[in-house]
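Quick note on numbering: the working numbering labels position 109 of the sequence shown as 109, and the sequence is numbered without any gaps. Quick reminder that beta carbons are idealized off the backbone N, C-alpha and C, glycines included. Since we're looking at a predicted model, the values are computed, not measured. Structure record follows, encoded as structure tokens.
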Amino acid sequence: MKTSRRARRIQRHYSRMHRAGGLNLVSLMDIFTILVFFLMVNSSDVKVLQSTPDVDLPVSTAGQQAVDSLTVQVTADAILVQGRVVAGAEEFLSAGPTIPGLSGELALRRERRGEAPDTGFEVTILAGRDTDYRLLRKVMQSCVDQDYRQVRLAVESPGEVGNG
């Protein structure tokens, strides 16, 4: 039997309108992309200093976040600047008020940075709670002599204790 033009048009219209709905993935991809960028931008609230298990930082109740600056790490057998060994245990015991290897590295980094601000350059010292004060004083004196006058000591917040 032959169908009329009107019947075919109604049938086409009916099949077009009663088709199973599809999922528009382009909109979902846009939403997920925006969500990923939002999470990446807002996840930078936590500041983690590079530390090794050799350095057991003291605990503090200070509420300030860590500042990104030059790090000097004091371990039992070496002093590291940004992870690079600059002085060994034999230099700790030298008679002078400063540590020559550390002073040399800080002077080199100071020259690369150019002219110091009025308040001096920033440095963060990571030293264990059992570090000898005389050694810590030599490290701080070496920093101050090379125009690193904003000296900070890294500590752990109470919530981070035991998470290592």
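### Message
Using 8 Å for Cβ pairs, my map puts A165 next to A76. What's the rounded Cβ distance?
### Response
For the chain, the structure presents residues 1 to 164; residue 165 sits outside this window and is missing.
### Query
Near L80, what residues of its chain come up, given a Cβ to Cβ distance below 6 Å and the 5 sequence neighbours on each side ignored?
Q73
#### Entry: 4 or more residues per run - each alpha helix (DSSP H) lying fully within the region 116-154
133-145
### Query
Looking only at its own chain, which residues have a Cβ that is under 6 Å from the Cβ of P97, when we skip the five neighbours before and after it?
Q141
### C-beta contact flag for Y148 and L102 at 8 Å
no
#### Entry: 6 Å Cβ shell around T131 - same chain, five flanking residues per side excluded
V74
### Task
Helix, strand or coil for A179, going by three-state DSSP, please let me know.
Residue 179 lies beyond the range of the chain shown here (1 to 164); nothing can be said about it.
### Task
Could you work out which residue in I10, L25, Q146 is closest to H18 when comparing CA atoms only?
I10
### Segment limits, alpha helix (DSSP H) that includes G101
100-113
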